[in-house]
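**Q** Just dropping this structure here.
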Amino acid sequence: MTDRIAEAFERQKKQGKKALITFITAGDPDLETTERLVLAMEKSGANLIELGIPFSDPVAEGPVIQQADLRALKNGVCTDDVFDAVAKIREKTQIPLVFMVYVNCIFVYGKERFFKRCSESGVDGVIIPDLPYEEKGEVHGEAAKFGIKVISLVAPTSRERIEMIAKDAEGFLYCVSSEGVTGIRESFSTDFDSYFETINRYAKVPTALGFGISKPEAAKALQKYTDGIIIGSAIMKLVGEAANADSAVESVSEFVGNVRKAMDE
Numbered sequence: 001m002t003d004r005i006a007e008a009f010e011r012q013k014k015q016g017k018k019a020l021i022t023f024i025t026a027g028d029p030d031l032e033t034t035e036r037l038v039l040a041m042e043k044s045g046a047n048l049i050e051l052g053i054p055f056s057d058p059v060a061e062g063p064v065i066q067q068a069d070l071r072a073l074k075n076g077v078c079t080d081d082v083f084d085a086v087a088k089i090r091e092k093t094q095i096p097l098v099f100m101v102y103v104n105c106i107f108v109y110g111k112e113r114f115f116k117r118c119s120e121s122g123v124d125g126v127i128i129p130d131l132p133y134e135e136k137g138e139v140h141g142e143a144a145k146f147g148i149k150v151i152s153l154v155a156p157t158s159r160e161r162i163e164m165i166a167k168d169a170e171g172f173l174y175c176v177s178s179e180g181v182t183g184i185r186e187s188f189s190t191d192f193d194s195y196f197e198t199i200n201r202y203a204k205v206p207t208a209l210g211f212g213i214s215k216p217e218a219a220k221a222l223q224k225y226t227d228g229i230i231i232g233s234a235i236m237k238l239v240g241e242a243a244n245a246d247s248a249v250e251s252v253s254e255f256v257g258n259v260r261k262a263m264d265e
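Numbering (the working numbering), first residue to last: 1 to 265.
The following block contains the structure:
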């Protein structure tokens, strides 16, 4: 089985560039636009895409993504619909696709069934923000059986747990920039030098920094610490503010292109 995640990071590394990871909520404003957004973001320079499975209580998310989840749920989007959308996307692109999914969605769907469908539709990994590292075993067996990476998160508050989490990480290590939920931040209080000194000592897989990065300048400045930059809320804000699907795709394409350009300069 091709490791699309590892290949994406390796391609960027060979070019002396960092990976750009973008997030969208699947089904906002609709699943057809989700497909268009994935293809447009790839064309504009994204190297890996996270797809959020809509959930009624996304505890790790700030208001922008919470509202996107609610819009998608109001549209009647369910987990099966998201799998179907991924299968359609896979007919057109081999960009790595990772689900951002809350653990309850997996349990309700059925662990074995969930990861089997991930494999069948072309999902490469899952990020489960409400599953503590110590409980990773709840899903890891089923995920591994179907070749799906369970991507771990570390945060500045992880402190002495960083070593344990980083050593065991697979796919890539999601490094949370600061305390709190996702959202757009104007500044960061984290001591990134110290934070990444610890992370880089133990991580055996690429690292990516996310939560709050919303401007091309911030992506450019912070990429020196890591192998990839993750942007979500800034993209979903554009989707939420767009007058229609066409303008959403256009504004997201332009934004992602601007971030890519800033990171490569």
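For each residue, glycine too, the CB sits at the ideal point set by N, CA and C.
Report the three-state DSSP secondary structure of leucine 222 (helix, strand or coil).
**A** Three-state DSSP puts leucine 222 in a helix.
**Q** Mark lysine 204 as exposed unless 16 or more other C-beta atoms lie within 10 angstroms of its C-beta, in which case mark it buried.
**A** With fewer than 16 other Cβ atoms within 10 Å, it is exposed.
**Q** Where does glutamine 94 land, buried or exposed, given buried means 16+ other C-beta within 10 angstroms?
**A** The residue is exposed, with fewer than 16 neighbouring Cβ atoms inside 10 Å.
**Q** In terms of alpha-carbon separation, which member of Tyr225, Phe196, Ala40 lies closest to glutamate 163?
**A** Nearest of Tyr225, Phe196, Ala40 to glutamate 163, Cα basis: Phe196.
**Q** Quick check: valine 82 and leucine 51, are their CB atoms within less than 8 Å of each other?
**A** Result yes, Cβ atoms of valine 82 and leucine 51 sit closer than 8 Å.
**Q** Using DSSP's beta-bridge definition, name the partner residues of phenylalanine 99.
**A** Paired residue(s): Leu51, Val126.
**Q** With C-beta atoms as the reference, is valine 256 less than 8 Å away from methionine 41?
**A** Contact: yes.
**Q** Using a threshold of 8 Å, state whether the C-beta atoms of valine 139 and lysine 111 are closer than that.
**A** For valine 139 and lysine 111, yes; Cβs fall inside 8 Å.
**Q** Using three-state DSSP, classify phenylalanine 83 as helix, strand or coil.
**A** Here phenylalanine 83 sits in helix by DSSP.
**Q** In this structure, does DSSP put isoleucine 231 in helix, strand or coil?
**A** Note: isoleucine 231 maps to strand in three-state DSSP.
**Q** So isoleucine 5 and proline 96 are in contact, right, with Cβ under 8 Å, and what is the actual spacing, rounded?
**A** About 5 Å; that satisfies the 8 Å criterion.
**Q** Closest to isoleucine 144 by CA distance: which of Asp80, Gly210, Lys116, Pro156 is it?
**A** A small correction: the amino acid at residue 144 is alanine; isoleucine does not occupy that position in the sequence shown. When each option's Cα is compared against that of alanine 144, the closest is Lys116.
**Q** CB leucine 131 to CB valine 154, shorter than 8 Å?
**A** Not a contact, by the Cβ cut-off of 8 Å.
**Q** According to DSSP, is isoleucine 184 helix, strand or coil?
**A** With a pLDDT of 46 at isoleucine 184, under the threshold of 50, the modelled position of this residue cannot be trusted, and the question is left open.
**Q** Indicate the three-state DSSP secondary structure (helix, strand or coil) for valine 273 in the structure shown.
**A** This structure gives no information on residue 273, because the portion of the chain shown stretches from 1 to 265.
**Q** Could you tell me which residues DSSP puts in a beta bridge with glycine 210?
**A** Glycine 210 is bridged to Val176.
**Q** Given a cut-off of 8 Å on the beta-carbon distance, is the pair isoleucine 49 and methionine 236 in contact?
**A** No. Outside cutoff.
**Q** For the beta strand (DSSP E) that alanine 19 lies in, which residues bound it at each end?
**A** Looking at the DSSP string, the run of the beta strand (DSSP E) that includes alanine 19 is 19-25.
**Q** Please state the DSSP three-state secondary structure of valine 150.
**A** In the structure shown, valine 150 sits in a strand (DSSP, three-state: E or B).
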